[in-house]
Every structure is written in structure tokens, then in C-alpha cells.
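Engineer:
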Amino acid sequence: MSPHGKEEQKENKVQLSVVQEEERILECEHRYRIGDSFITNCKTCGLYFPRDSDKPALRPKDKAFECHFFISDLLKEAYTRSLNIRSIQMPPQYAEHRHHLIDWLAAIVDKVNLQKQTLHRAVHIMDLFISMKFNLPTKDDVTMIISQEQYKLCAITCLFIAAKSFEIEEIIPKSCDLVKMMNETSGEEIISDITNTFQLIPDCERQVLNTLDWNFESEPTFNSIIENFLAMGILLEQDRSISVVTSKLEPLNENTLILVEKYVNLYSVLALQESSLVGKNPYLLACGIIASARQAAGILNFKTPDRVWPPELVQLTGLQFVHFEAYYGMLMKLYQTKFIQQLPSLVQQSQENQNQEAGSKQSSKKRAINKENEITTKSDGGQDSKSSKQRARNQPRLANSSTQPINGGFRQLRSQRQQQTTDEGFAQ
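Numbered according to the UniProt record's numbering, the sequence shown spans residues 1 to 428.
#1: Should Val-142 go down as buried or exposed, given a rule of 16 or more other Cβ atoms within 10 Å for buried?
#2: Identify whether Thr-40 lies in helix, strand or coil by the three-state DSSP scheme.
#3: Check Glu-325 in the structure and name its three-state DSSP category.
#4: Where does the unbroken alpha helix (DSSP H) through Asn-265 begin, and where does it stop?
#5: Take Asn-394 and list the residues in its own chain whose beta-carbon comes closer than 7 angstroms to its own, dropping the five residues that flank it on each side.
#6: Distance check for Ser-275 and Met-181, CA to CA, integer angstroms please.
#7: Could you give the distance in angstroms between the alpha-carbon of Glu-325 and the alpha-carbon of Gly-288?
#8: Return the bridge partner residues of Phe-49 from the DSSP annotation.
#9: Once the 5 residues before and after Gly-329 are set aside, which same chain residues still bring their CB inside 8 angstroms of it?
#10: Pick helix, strand or coil for Thr-211, following the three-state DSSP scheme.
#11: If you draw a straight line from the alpha carbon of Thr-256 to that of Tyr-267, how long is it in whole angstroms?
#12: Going by DSSP in three states, Leu-236 sits in which element: helix, strand or coil?
#13: For His-99, collect the residues of the same chain with a Cβ closer than 7 angstroms to its Cβ; drop the 5 residues on either side in sequence, then sort them by chain order.
#14: Using a Cβ-Cβ cutoff of less than 8 angstroms, which residues in the same chain neighbour Gln-320 once the five nearest sequence positions on both sides are dropped?
#15: What does Glu-250 pair with, by DSSP beta-bridge criteria?
#16: Report the rounded CA-to-CA distance for Val-269 versus Lys-280, giving the unit in angstroms.
#17: Taking the beta strand (DSSP E) that Leu-300 belongs to, which residues open and close that run?
#18: How long is the line joining the alpha carbons of Leu-331 and Ala-271, rounded to whole angstroms?
#19: Can you check whether the CB of Ile-125 is closer than 9 angstroms to the CB of Val-208?
#20: Rank Glu-96, Ile-340 and Leu-153 by C-alpha distance to the C-alpha of Ala-122 and give the top, closest one.
#21: Here's the rule: buried if 16 or more other CB atoms are within 10 angstroms of the residue's CB, otherwise exposed. What is Ile-258?
#22: Quick check: Ser-241 and Leu-252, are their CB atoms within less than 9 angstroms of each other?
#23: Pull up the CB-CB distance for Ile-225 and Ala-78, whole angstroms please, since I reckon it's below 8 angstroms.
#24: Going by C-alpha distance, which of Leu-235, Leu-47 and Ala-163 is nearest Ala-293?
#25: State the beta-bridge partners of Arg-86 as determined by DSSP.
#26: Considering just the uninterrupted stretch of the alpha helix (DSSP H) at Arg-98, what are its terminal residues?
#27: Here's a check: name, in chain order, each residue in its chain whose Cβ is nearer than 6 angstroms to the Cβ of Ile-85, leaving out the five neighbours to either side.
#28: Tell me the DSSP secondary structure of Leu-413 in three-state form.
#29: Classify His-120 as buried or exposed, calling it buried when 16 or more other Cβ atoms lie within 10 Å of its own Cβ.
#30: Which one or two residues does DSSP pair with residue 433 in a beta bridge?
#31: Nearest by alpha-carbon distance to Thr-304: which of Asp-239, Lys-333 and Glu-66 is it?
#32: Is the separation between the beta-carbon of Leu-47 and that of Arg-59 shorter than 9 angstroms?
#33: Candidates Glu-261, Phe-222 and Ala-297: which alpha carbon is nearest Leu-75's?
#34: Any beta carbon of chain C sitting closer than 9 angstroms to that of Ala-122?
#35: Excluding five sequence neighbours on each side, which residues of the same chain lie with their C-beta closer than 6 angstroms to the C-beta of Cys-67?
#36: How long is the line joining the alpha carbons of Ile-156 and Lys-116, rounded to whole angstroms?
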């Protein structure tokens with residue numbers, strides 16, 4: 001094959017890979033659509049088609065779903081239920097430990113391969129239960145759950161309840177296994193008698209469900225709403241990403257979709273752990289997370305570059321940016337507090353560590369040099385003593401000879417100077 005033929009074959013492979021990537025994330029060749037005057041979706045893959053546009057939203061194909069109903073009805077129901085959420089008043093002691101409890105639950109969820117929505121529902125159940133149990137009239141058994149040593153038992157029980165709602169039966173962990181995980185992940189023995197744990201979590205589960213009146217799924221979590229939006233696509237054909245190298249607007253690709261989804265997960269974690277966002281409208285919070293993720297990933301709509309929330313997303317969500325602007329501001333402030341403002345201190349700490357390493361290397365070099373000087377001094381002193389002995393043998397002895405004391409005095413003075421230099425090097 002000629003060199004030109006190899007080059008053409010290579011170019012064809014590159015073009016084919018680009019086309020396959022575009023088809024994997026951009027194209028929708030299905031014929032049938034379903035929707036109303038508000039939202040239209042592909043009936044086969046569920047992609048969102050903005051009004052007056054033949055180009056669908058952008059989304060990885062692994063989130064495809066068959067759509068046999070009007071998405072607008074689903075979102076309207078989620079918005080209505082979000083308006084009627086129960087108020088949550090957290091005890092101060094629980095608010096202090098809530099962040100660590102969520103991190104601990106997330107580690108268990110990863111260990112047993114549970115879904116992300118299971119974690120969010122478990123945290124919601126835990127917040128509701130502790131809020132309602134704390135505000136009930138004082139009883140003898142209140143401290144059994146509200147006390148600090150029982151927080152993890154309450155958290156693991158709420159995770160057990162959520163897993164029964166969202167996971168298949170083969171994945172749901174057993175109560176005794178959950179208790180073992182409590183002791184393993186906590187680094188301490190919370191439950192000492194494992195043999196009596198078969199009834200421990202079911203008893204706590206019964207107490208949680210009775211307190212909530214078995215009503216723990218009527219309110220949506222912001223994660224469930226975000227998953228609906230991600231499945232339909234939150235990036236548009238008119239969107240462009242700002243290049244970090246050239247600061248120019250570039251077309252979206254697969255890496256952009258991955259980056260936006262990572263920012264969505266990051267802001268979701270921040271919102272889940274933030275106590276001030278507990279009990280807030282989950283629909284507005286979900287829109288705020290999507291807007292924050294688009295902003296952090298450098299996504300701009302070239303038709304409306306001055307808007308954080310383009311008209312196509314207004315049509316999809318039914319909300320203007322002003323409706324959730326307060327949540328957007330809180331999330332951006334959280335991101336800056338957790339990450340941006342900590343960068344200078346981290347850089348300063350790294351510089352201090354580098355300076356300490358450089359100082360230790362310099363002091364070690366000085367010690368090595370001083371050691372070499374001491375060895376040289378000893379060898380010089382030995383040669384001087386040998387020559388003086390030879391001279392003493394050849395010359396008659398003097399009663400008041402000062403040769404030996406003078407040589408010893410110089411050696412002592414030299415060693416003192418070397419010791420002083422060494423001490424100054426350590427001080428530096």
C-alpha cells in the first residue's frame with residue numbers, strides 16, 4: 001500500500017471515530033416523539049427536544065429510557081409535591097454530627113454498591129425522624145435514639161429502610177451485616193454483642209416508621225429531580241464550552257458532558273451535607289445545582305451568552321432563573337468556601353513544607369561538610385604529632401617546652417570554631 005493510501009485510511013479511521021462519538025452523545029435518529037405544548041421527548045430514548053427545534057438536548061446514551069408518558073406531568077407533580085414538604089427542625093447536637101454521619105453512610109453505600117438515590121432517601125428519612133422525635137413530648141425512650149451514641153444506629157436503620165424501597169432484594173444488606181459494618185467503619189465497637197443484633201435494627205426500624213407514620217416517600221429529593229433532568233439532557237445544541245487554553249467558545253464533546261455531570265455530583269454532595277439547606281424546596285434546589293454545574297464547567301449558550309439559564313431550560317423546568325437565584329447563590333458561595341478560599345492556605349502550607357525540606361537538606365549538607373572537616377582535622381593533627389615526635393627525638397628536651405600545648409590549643413580552637421559553625425547551621 002502506498003503512503004498516500006495509508007494516510008487516507010488513517011484519516012478515514014479518525015473521521016469514523018469522531019462520527020461514532022457524535023452519534024453516541026448527540027444523534028437521535030428515532031422517528032416517534034411524545035409530548036405536549038410544554039415538553040417534547042423522544043419516545044424511544046427520552047431525549048428532550050426544545051420547542052421549535054429539530055436538535056435534541058445533549059446527553060450520554062447510557063441514560064436512555066423509554067418514554068411512554070408526558071414528562072411535563074411528571075415534573076408538575078414533582079414541583080407540586082416540593083411545595084408541600086414538611087418543615088425540619090434539627091437539634092443542635094444532631095446538626096454538629098450530621099456531616100460526619102453522611103460521610104459515614106456514603107462509605108457504607110459505596111462498600112455494598114447501593115444507588116445514590118438510596119443514600120439521599122436515607123438522609124431524608126434520618127432528618128425527618130430526628131426532627132420529629134426530638135420535638136415530641138419527652139418520654140423515657142427518647143434518649144435511646146437521640147443520644148450521641150445511637151446516631152449511627154439511627155442512620156444505618158434509615159439506610160436499611162431506603163434500600164428496601166429502591167434496591168433489588170439480592171442487593172439489600174442484612175441487618176446483622178450492617179451492624180458489622182458499623183463496627184468496622186467506625187473504628188470502634190459500637191455494638192458489642194453481635195449475637196443479639198438480629199432484632200436490634202428491626203426494633204429501631206419499627207420506631208422510625210411509626211414516628212413518620214410510614215410516610216417517607218411522598219416528598220421528592222433533589223437528587224431524584226436532578227436524575228430526571230439528566231436523563232433528558234441539560235446541555236443544548238446551542239451551548240459552547242469556554243476553552244481553558246484559548247478562552248474561546250468551543251463545541252461540546254464527550255469530555256464536556258462528563259465534566260458537567262461531575263460538577264452536578266459535586267454540588268449535590270455539598271447540598272446534601274449542608275444543614276442550612278435541609279427542608280428547602282428540592283425542585284428549586286435541583287435547578288440551582290444544574291445552573292451551578294453549568295457555570296462551573298464554563299458552559300455558555302451562544303444565543304443568550306448573558307444568561308446563566310437559557311430559554312430551553314426555562315421551557316424544560318418551567319422556572320425562570322429568578323425563581324431559584326437564592327439557591328444558586330448559596331451553592332456558589334458553598335463551593336467558594338469549601339474549595340476556592342482554601343487554595344491559598346493549601347498553597348502556603350505546601351510552600352512551608354518545601355521550605356522545611358530545603359532547610360533540612362541544607363542542614364544535612366552542612367553536617368556532612370563539618371564531618372569531613374573534622375576528619376581532615378584529625379588526620380592533620382595526627383601527622384603534626386608524628387612530625388613533632390620525630391623532631392623531639394632529634395632535638396634535646398626542654399624543661400619548659402610549649403610545642404605540645406600550642407598545638408593542642410590550635411586544635412581546640414579549630415574544633416570550637418567548627419562546633420560554632422555547626423550550631424549556627426542548625427539554628428538557621
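Even for Gly, the Cβ is constructed at its ideal location relative to N, Cα and C. Predicted, not measured: the structure shown is a model, and the values here were computed from it.
Structural biologist: The short version:
#1: Low local confidence applies: a pLDDT of 46 at Val-142 is under 50, so the model's placement there is unreliable, and no value is given.
#2: strand
#3: helix
#4: 254 to 273
#5: Low local confidence applies: a pLDDT of 48 at Asn-394 is under 50, so the model's placement there is unreliable, with the coordinate-based value given in what follows. Excluding residues within five positions, none has a Cβ falling inside 7 angstroms.
#6: 26 angstroms
#7: 7 angstroms
#8: Thr-40
#9: none
#10: helix
#11: 17 angstroms
#12: coil
#13: Gln-273
#14: Trp-309 and Val-314
#15: Ser-241
#16: 15 angstroms
#17: 299 to 301
#18: 7 angstroms
#19: yes
#20: Leu-153
#21: exposed
#22: yes
#23: 6 angstroms
#24: Leu-235
#25: None, per the DSSP bridge assignment.
#26: 92 to 112
#27: Glu-219
#28: Note that Leu-413 scores a pLDDT of 42, beneath 50, so its modelled location is shaky; the value from the coordinates is reported in the next line. In the structure shown, Leu-413 sits in a helix (DSSP, three-state: H, G or I).
#29: buried
#30: Residue numbering for the chain in the displayed model covers 1 to 428; residue 433 lies beyond these limits and cannot be assessed.
#31: Asp-239
#32: yes
#33: Phe-222
#34: Among the chains of the structure shown, chain C does not appear; only one protein chain is present.
#35: Ile-34, Asn-41, Lys-43 and Gly-46
#36: 15 angstroms
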